[in-house]
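Novice: Going by the working numbering, the first residue of the sequence shown is number 19, and it counts up by one from there.
Cβ atoms here follow ideal geometry from the backbone N, Cα and C, with glycine treated the same way.
Sharing a structure below in structure tokens format, with a few things to ask.
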Amino acid sequence: GGVGKTTLAQKINNHRSIRENFHSPLPVWICVSKEADDLTVLKSIVRRLGGDYHSDDSVGELQHILGRAVENKKLFLILGDVWDSHLWERVLKKPLSKVGPGSRILVTTRDEGVTLQMGVEYIHNVQELSVKDGWSLMCKLVFSANEECDMQQLQDIGVRIVEKCHGLPLAL
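This is the structure in structure tokens:
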């Protein structure tokens, strides 16, 4: 973790064109995580879409509710931090097959195998930063535009810090 998958997904989610082109009442962003179970994921998506469910609804009932909530709607859904590719086949594929044309699902994961097993159309690998790019990011985070002198004086130690962070923007 820490290469910027979630940050990139947030930038995409907050982009004006996403807000203007999809029918979701709210951004539909679900953090799936390693410990997430089927019921929790379904309830989270239904809740974000403004749907109603009962606490004792089964997976099948929640799938039906979700299918009705997304039917023929142009949906932008982000499934963040997905660890279990089988969640898609087991729980989400059937109800989400009812979305309208132009719908998109963005998945973030540390495991490319998850995306391959889910059958995604496009994979964008986020790479660690080079030392040069890491130093540039650190300068933007630490120095103001009028601190050019400080930036040059601290470059050696700054580059060493960047190297210790192994190209992970989150570590900077």
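#1: What residues are listed by DSSP as bridge partners for residue 161?
#2: I'd like the span of the beta strand (DSSP E) that includes residue 64, first residue to last.
#3: Hey, which unbroken runs of the beta strand (DSSP E) at 3 residues or more fall wholly within the stretch 70–123?
#4: Residue 116 and residue 89: beta carbons closer than 8 angstroms?
#5: Nearest to residue 94 by CA position, among 34, 175, 70, 78, is which residue?
#6: Under the rule that 16 or more other beta-carbon atoms within 10 Å means buried, what is residue 61, buried or exposed?
#7: Does the stretch 136–149 touch the stretch 179–187, meaning 3 or more C-beta pairs lie closer than 8 angstroms?
#8: So which of 140, 180, 50 has the shortest CA-CA distance to residue 106?
#9: May I ask which residues mark the beginning and end of the alpha helix (DSSP H) holding residue 141?
#10: So, with DSSP's three-state summary, where would you put residue 50?
#11: If residue 64 and residue 87 are in contact, beta carbons under 8 angstroms, what's the gap, nearest whole angstrom?
#12: Are there 16 or more other CB atoms within 10 angstroms of the CB of residue 103, so buried, or fewer, so exposed?
#13: Quick one: Cα of residue 128 to Cα of residue 27, how far?
Specialist: On the basis of the coordinates in this document:
#1: Within the sequence shown, numbered from 1, the residue matching residue 161 stands at position 143. In DSSP, residue 161 forms no bridge with anything.
#2: Here residue 64 refers to the residue found at position 46 of the sequence shown. Not the beta strand (DSSP E): residue 64 falls in the alpha helix (DSSP H), residues 56–66.
#3: 94–98
#4: In the sequence shown, the residue the question calls residue 116 occupies position 98. In the sequence shown, the residue the question calls residue 89 occupies position 71. Yes, the Cβ-Cβ distance between residue 116 and residue 89 is below 8 angstroms.
#5: The residue labelled residue 94 in the question sits at position 76 within the sequence shown. Taking only the C-alpha atoms, the option nearest residue 94 is 34.
#6: For the purposes of this step, residue 61 is identified with residue 43 of the sequence shown, where counting begins at 1. Buried, because 16 or more other Cβ atoms sit within 10 Å of the Cβ of residue 61.
#7: yes
#8: Position 88 of the sequence shown, counted from the start, is the residue given in the question as residue 106. If we check each option's Cα against that of residue 106, 50 comes out closest.
#9: As a position in the sequence shown, residue 141 is number 123, starting the count at 1. Here residue 141 belongs to no alpha helix (DSSP H), and DSSP marks it neither H nor E.
#10: Here residue 50 refers to the residue found at position 32 of the sequence shown. Three-state DSSP puts residue 50 in coil, outside helix and strand.
#11: Mapped onto the sequence shown, residue 64 falls at position 46. Mapped onto the sequence shown, residue 87 falls at position 69. Right, the Cβ-Cβ distance comes to about 6 angstroms (below 8 angstroms), so this counts as a contact.
#12: Within the sequence shown, numbered from 1, the residue matching residue 103 stands at position 85. Buried, by the Cβ-count rule.
#13: Taking the sequence shown and counting its residues from 1, one reaches residue 128 at position 110. Taking the sequence shown and counting its residues from 1, one reaches residue 27 at position 9. When rounded, the distance between both Cα atoms is 14 angstroms.
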